[in-house]
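Have a look at the structure below before the remarks.
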Amino acid sequence: MLYLTSDNFPIFVPFGVIGFYRYLWYLIRLAASFAYRPIPLPLHPTYLASEDVTIIVPTIDAGSEFTLAAQTWLLNNPKEILIITEERMLAPLQELANAVDPAKIRVLTVPYANKRLQMAEGIRNTTTDIIVFADDDAIWPGTLLEYVLACFEDQSVGGVGTSQRVQPVGEKMTVWEVLAAFRLSIRNIEIACSTHIDGGLPCLSGRTAAYRTIILKDPEFLHGFTHDYWLGKYQLNSGDDKFLTRWMVSHGWGTYVQCCKEAELLSTMKPNWRFLKQVLRWTRNTWRSDLRSLWMERGIWVRHPYVAYTMVDKLFNPFTLLAGPCLVAYLIYKSTFSTDDGGYHLPWWNIIASYLVWLLATRTAKLLPHLWYRPQDIVYVPAFIVFGYYFAVMKLYALCTLHETGWGTRTGIGNIAEATAAMDKQDANANFVNGGGGNDNNNNKNHNNANANANGVNSPNALGTSGTTNEKTGHLPPRIVERHAYASGGGCSAGDDKSGDGSYGASLLSRSGSGGGGNMVRRDLSGRSVSASSSSRMDVIEESYRMR
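In full-length UniProt numbering, the protein residues as written are 1 to 548.
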């Protein structure tokens with residue numbers, strides 16, 4: 001092959017540049033992932049799982065892994081676990097919940113099977129400061145929650161993810177599960193790298209991710225989350241984790257990922273060819289989300305330029321990957337001609353053998369981090385090579401079929417629009433019963449914005465309480481405005497209520513006494529008084545609210 005290159009050097013220059021670029025950046029990612037460090041546990045944690053964490057699990061067909069997964073969640077001692085399902089699955093899931101821990105597990109239902117609507121129902125029923133979304137087969141180590149909560153000590157962090165590995169369904173991994181394990185190992189390197197370089201993430205994986213409740217309680221978020229359309233026409237059900245990640249970026253919240261054994265979850269994958277349908281769904285979601293981030297929302301270019309670069313790189317990845325086989329095909333074709341007619345003097349089998357050796361060497365090197373702890377998987381490297389080319393073609397197919405928004409592997413999913421319309425009608429009826437009006441949310445929002453501007457609190461650095469500024473406010477993300485707790489006049493006006501149902505964001509604030517300098521009694525969502533030791537987070541989180 002080198003002999004062939006020396007005779008036709010100009011032909012190989014572009015391909016050499018592509019190869020050099022690919023593996024140079026892989027080495028950079030590898031180095032950055034080694035330099036990454038997880039957030040250590042604080043000596044005096046602000047958040048406790050037993051008081052501040054609700055786990056939300058949307059499901060419609062919890063399998064045999066559910067009981068084991070639920071037991072591992074309980075080992076982390078959350079305050080509550082909410083299982084959200086459709087109405088026909090209430091009885092079997094309630095039976096499962098009762099068998100595990102009926103005191104901590106609540107089962108709620110929605111009229112239709114729709115993951116985003118199920119998640120939204122869980123959000124509405126949450127009474128803690130932190131929400132953790134989990135798949136029904138996500139198996140946690142007993143230390144996951146405390147390591148996740150450590151990231152929220154930084155008041156600018158709104159979402160936290162973790163590293164992941166594959167849990168085999170049977171006694172031995174199938175080839176499909178090994179391919180999934182290869183992908184997760186590469187992903188773990190990529191997210192550690194991007195977190196270290198610019199603090200960003202392409203996606204906070206929905207298998208397990210934690211968020212501040214106050215962000216998700218925002219009525220604008222809930223509406224956008226459940227009424228998400230591609231090109232304004234095709235309603236989305238999957239891709240919820242992509243939406244949440246983009247919301248963090250576009251609304252000024254930071255993200256972090258804990259890549260360490262103490263926070264590494266196990267998740268099952270499809271052990272058969274249906275894994276390919278999963279990958280197709282994920283690929284469509286990635287195309288849609290990355291195109292939105294790069295060209296429609298565009299905030300990622302400023303906040304996380306490295307992540308933006310990786311998104312652009314992935315757009316061209318299938319084309320550069322397919323360039324190799326195209327070159328080999330061209331060389332084989334030219335080898336059929338004599339050298340006098342412009343052909344190459346290497347036989348076709350020599351060209352193919354050289355290319356296969358190159359592929360095996362480079363792909364094995366790329367998988368070394370995975371093979372370090374599972375060396376037996378080296379026999380699947382050829383399958384990974386074949387899958388890589390299949391995946392490149394799949395990415396192009398996915399790009400041409402972005403209007404397909406079905407789940408693909410989740411049975412029981414009905415019409416998305418019908419499900420959303422049914423939930424909207426249910427919410428409207430509930431608001432009517434509670435005395436709410438259809439336009440109250442907008443009126444309240446406008447009223448509150450007027451109050452905020454009048455009192456000089458439209459800046460992230462203004463607390464508006466007795467003219468003082470809390471030391472934590474400097475860490476607030478942009479486009480956050482603190483709820484104004486008036487120094488005099490006794491409390492907040494009705495216009496301060498953004499939710500339209502008498503609640504505000506993710507916490508309640510009451511005051512005793514009257515006149516300026518009244519004593520502040522802070523309470524969390526469940527209504528319990530918050531001690532002085534918790535005031536640092538309450539000063540920032542309890543009173544914060546995003547202003548569009």
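Just so you know, even glycine gets a beta-carbon here, dropped at the ideal spot from N, CA and C.
Fair warning: this is a prediction, and the values are worked out from it, not measured in the lab.
Between residue i and the rest of its own chain, which residues show a CB-CB distance below 6 Å, the 5 nearest in sequence each way excluded?
i, result
"Gly122", "Ile56, Leu82 and Ile84"
"Asn439", "Here the model assigns Asn439 a pLDDT of 42, short of 50, so the residue's position is not dependable, and the following value carries that caveat. None."
"Pro58", "Ile84, Lys115, Gln118 and Met119"
"Thr143", "Glu262"
"Thr174", "Pro271"
"His304", "Asp198 and Gly200"
"Asn443", "Confidence in Asn443 is poor, its pLDDT being 40 and thus under 50, which makes the residue's placement too unreliable to answer from."
What does a CB cutoff of less than 8 Å around residue i pick up in its chain, not counting 5 residues either side in sequence?
i, result
"Val433", "With a pLDDT of only 49 at Val433, under 50, the local geometry of the prediction cannot be trusted, and the value read off the model is given with reservation. Excluding sequence neighbours, Val433 sits near nothing in its chain."
"Ala35", "His196"
"Thr67", "Leu96, Ala99 and Val100"
"Asp313", "Trp25"
"residue 552", "Here the chain covers residues 1 to 548 and nothing more, so residue 552 does not appear."
"Arg88", "none"
"Ile394", "Per the sequence presented here, residue 394 reads as Met, with Ile not at that position. Excluding positions up to five away in sequence, the list reads Leu276, Val279, Leu280 and Thr283."
"Val307", "Ser194, Asp198, Gly200, Leu201, Pro202 and Ile300"
If I measure Cβ to Cβ from residue i and keep anything under 7 Å in the same chain, skipping five residues before and after, which residues do I get?
i, result
"Ile39", "Ala150, Cys151, Tyr256 and Gln258"
"Gln167", "Ile139, Leu266, Ser267 and Thr268"
"Trp407", "Asn237, Ser238, Arg281 and Ile413"
"Gly299", "Val249 and Ser250"
"Val17", "none"
"Glu153", "Pro42 and Thr46"
"Phe225", "Arg116, Ala120 and Phe243"
Using only alpha-carbon positions, find the residue among the options that is nearest to residue i.
i, options, result
"Val302", "Ile186, Val178, Trp140 and Asp198", "Asp198"
"Arg187", "Cys203, Trp176 and Glu177", "Cys203"
"Glu65", "Pro45, Gly170 and Tyr26", "Gly170"
"Ala113", "Ala209, Ile60 and Val17", "Ile60"
"Ala32", "Ile189, Tyr355 and Glu87", "Ile189"
"Asp137", "Trp73, Glu86, Cys193 and Ser194", "Trp73"
"Arg288", "Arg183, Ile385, Asp241 and Leu368", "Asp241"
"Arg212", "Glu177, Tyr234, Gly254 and Phe182", "Gly254"
"Gly206", "Ser194, Glu177 and Ser163", "Ser163"
"Gln235", "Ile131, Thr405 and Arg37", "Thr405"
"Thr54", "Ala192, Ala134 and Arg363", "Ala134"
"Val132", "Lys104, Arg165 and Ala209", "Ala209"
"Asp129", "Ile214, Leu27 and Ala181", "Ile214"
"Glu86", "Ala62, Tyr355, Leu145 and Ser185", "Ala62"
"Gly324", "Ala392, Ile378, Tyr147 and Tyr373", "Ala392"
"Leu327", "Tyr355, Pro102, Glu146 and Thr310", "Tyr355"
Provide the residue span of the beta strand (DSSP E) that contains residue i, from first to last.
i, result
"Tyr373", "No beta strand (DSSP E) contains Tyr373, which is instead part of the alpha helix (DSSP H) from Leu368 to Tyr373."
"Leu294", "Here Leu294 belongs to no beta strand (DSSP E), and DSSP marks it neither H nor E."
"Ile197", "Looking at the DSSP string, Ile197 is not in any beta strand (DSSP E); the run it does join, the alpha helix (DSSP H), is Val175 to Asp198."
"Thr67", "Run containing Thr67: none in the beta strand (DSSP E); it sits in the alpha helix (DSSP H), Glu65 to Leu75."
"Gln167", "Premise fails: Gln167 is in no beta strand (DSSP E) and is neither H nor E."
"Ala134", "Ile130 to Ala134"
"Gly209", "In the sequence on display, residue 209 carries Ala and not Gly. It spans Thr208 to Arg212 - the beta strand (DSSP E) in which Ala209 sits, taken as one unbroken run."
"Thr245", "Counting along the chain, Thr245 falls outside any beta strand (DSSP E), though it belongs to the alpha helix (DSSP H) covering Asp240 to Ser250."
"Leu266", "Leu265 to Ser267"
"Gly254", "Gly254 to Gln258"
Taking the alpha helix (DSSP H) that residue i falls in, what are its first and last residues?
i, result
"Thr405", "No alpha helix (DSSP H) holds Thr405; DSSP gives it neither H nor E."
"Tyr397", "Val381 to Cys400"
"Thr54", "Run containing Thr54: none in the alpha helix (DSSP H); it sits in the beta strand (DSSP E), Val53 to Pro58."
"Leu149", "Leu144 to Cys151"
"Ile39", "It is not in any alpha helix (DSSP H) - Ile39 carries neither H nor E in the DSSP assignment."
"Gly224", "Pro219 to Thr226"
Query raised in the report: Using 8 Å as the Cβ pair cut-off and three pairs as the minimum, do the segment 96-111 and the segment 224-236 touch?
Result: No: the two stretches stay apart, fewer than three of their Cβ pairs being nearer than 8 Å.
**Report entry** the segment 214-225 touching the segment 392-410, judged by at least three CB pairs closer than 8 Å
**Finding:** The segment 214-225 is not in contact with the segment 392-410.
Query raised in the report: Should the segment 156-174 be regarded as contacting the segment 88-95, the criterion being three or more beta carbon pairs within less than 8 Å?
Result: Two segments are said to touch when three or more pairs of C-beta atoms, one from each, lie closer than 8 Å; by this definition the segment 156-174 does not touch the segment 88-95.
Requested in this report: Only counting runs of 3 or more residues, tell me where the beta strand (DSSP E) segments fall wholly within the segment 297-326, in order along the chain.
Outcome: Correct list: empty.
Query - Segment contact, 8 Å Cβ cut-off, at least three pairs: the segment 286-305 with the segment 244-255 - result: Contact between the segment 286-305 and the segment 244-255 is present, because at least three Cβ pairs lie under 8 Å.
Query raised in the report: For the segment 63-83 against the segment 45-53, are there 3 or more C-beta pairs whose distance is under 8 Å?
Result: Contact between the segment 63-83 and the segment 45-53 is present: 3 or more CB-CB pairs across the two stretches fall below 8 Å.
Requested in this report: With a floor of 3 residues, list each beta strand (DSSP E) that falls wholly inside the segment 81-131, ordered by position along the chain.
Outcome: If one requires a minimum length of 3 residues, the beta strand (DSSP E) runs lying completely within the segment 81-131 are 105-110, in chain order.
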